[in-house]
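Numbering (my numbering), first residue to last: 1 to 337.
Below is one structure; the comments refer to it alone.
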Ligand code: AMP
Ligand code: MN
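Set out below in structure tokens:
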């Protein structure tokens with residue numbers, strides 16, 4: 001692991017959370033960013049942080065490499081997110097959330113800045129001047145919640161909405177093995193601040209177009225079952241998308257569908273990205289660890305949700321990925337009580 005040479009050394013008794021709080025309080029201008037192809041946790045963490053910094057009277061910019069999926073439009077503050085591949089930042093600190101390495105942002109030009117790295121992914125490279133890495137957090141939004149609390153900013157509706165959004169999506173709608181009592185405690189406080197869980201669930205998960213419903217049909221129709229039905233393999237290319245009037249943005253969430261079958265323990269979803277590379281996403285139940293498969297190909301994620309991009313042709317990597325997944329399923333089932 002390459003630790004940043006410029007990382008600030010913490011004194012005894014100090015914690016990353018406290019140091020980050022202090023540095024935020026003494027600085028004025030912030031740039032917030034997160035990973036390319038944003039998801040609910042990256043959007044939620046950034047916007048919760050932005051609204052908290054507003055409350056402290058700070059100046060805030062948010063820059064992302066890619067636009068958010070359409071169904072996040074209309075969430076508070078979405079219009080504040082600038083989309084740019086490069087940034088010339090004249091700021092006092094850059095807060096990078098949800099990124100195990102700086103390259104995950106897809107935004108160039110951040111390297112020389114005072115970086116505050118806040119993340120819950122395994123294998124974070126600790127690239128910041130300040131690094132707060134907590135794998136036990138179900139969502140980065142849980143960590144942002146703690147930071148906002150430490151900054152003494154009250155939970156207003158905008159902040160609560162984005163904290164809840166991050167948790168709702170990163171727990172796979174309260175399905176993943178990363179949930180703790182703390183998760184519900186934070187959600188309880190968010191609901192107390194005015195968040196409506198039914199509305200949130202409908203907005204995030206039930207916002208399909210008719211085209212997407214058709215796509216679900218086509219995708220499940222072509223699903224392959226391997227390992228005696230324990231592993232589902234999904235594939236999608238441009239042709240399938242176009243036939244249903246969909247774009248790559250409409251593929252979010254589809255990977256979870258096979259897991260609704262009792263027997264299926266893991267899913268792998270192969271997509272051909274616009275640049276021709278293969279995008280591999282994996283999901284699993286309980287102790288089936290798909291992150292270790294992603295790690296084998298230079299990717300990452302969490303035990304129940306991981307991914308990576310593979311150059312080259314699908315036929316060249318597919319066999320090895322399936323082999324590793326079958327092994328991960330066998331190991332995961334062994335440790336199941
Ligand atoms: P996805 O399948 O793209 O939704 O990603 C699932 C999880 O794996 C998310 O937490 C991602 O942040 C993580 N992940 C996906 N691709 C990568 C990658 N190339 N490197 C590190 N983490 C990744
Ligand atoms: Mn996350």
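The beta-carbon is built from N, C-alpha and C at its ideal position, and this holds for glycine as well.
Rounded to whole angstroms, the Cβ separation of residue 69 and residue 249 is 5 Å, and the two are in contact under 8 Å. Boundaries of the alpha helix (DSSP H) around residue 200: 197 to 205.
Between residue 221 and the set 209, 234, 89, the nearest pair of CA atoms involves 234. Screening all residues for a C-beta within a distance smaller than 5 Å of any heavy atom in ligand 1 leaves 281, 299, 300, 301, 305, 306, 307, 308, in chain order.
Only exposed fits residue 83, as fewer than 16 other CB atoms lie within 10 angstroms of its CB. By the 16-neighbour rule on beta-carbons within 10 angstroms, residue 10 is exposed. Taken in chain order, the whole beta strand (DSSP E) runs of length 3 or more contained in the region 271 to 321 are 278 to 284, 305 to 310. Shown here, residue 224 sits in a strand according to DSSP, grouped into three states.
Under the 10 Å beta carbon count, residue 51 is surrounded by 16 or more other beta carbons and is classified as buried. Beyond the five residues adjoining it in sequence on each side, residue 263 comes within less than 7 Å, by CB distance, of 229, 230 in the same chain, given in chain order.
Non-local C-beta neighbours of residue 201 in its own chain, meaning closer than 6 Å and more than five positions away in sequence, are absent. Around the Cβ of residue 111, a 10 Å sphere holds fewer than 16 other Cβ atoms; the residue is exposed. About 15 Å separates the beta carbons of residue 45 and residue 187, which is beyond the 8 Å limit, so they are not a contact pair. Distance between residue 75 and residue 282, taken at the CA atoms: about 27 Å. Contact between residue 148 and residue 159 holds: CB atoms are separated by about 6 Å, below the 8 Å threshold.
Of the candidates 266, 238, 245, 266 places its Cα closest to the Cα of residue 227.
8 Å or more divides the Cβ of residue 293 from the Cβ of residue 330. Taking 8 Å as the cut-off, the beta carbon of residue 7 is found closer than this to the beta carbon of residue 131. Short of 6 Å from the beta carbon of residue 311, and not among the five residues preceding or following it, lie these beta carbons of its own chain, in chain order: 277. Relative to ligand 2, residue 187 has its C-beta separated by 7 Å or more from all heavy atoms. For secondary structure counted as the alpha helix (DSSP H) over 4 or more consecutive residues, the region 96 to 155 holds these complete runs in sequence order: 140 to 150.
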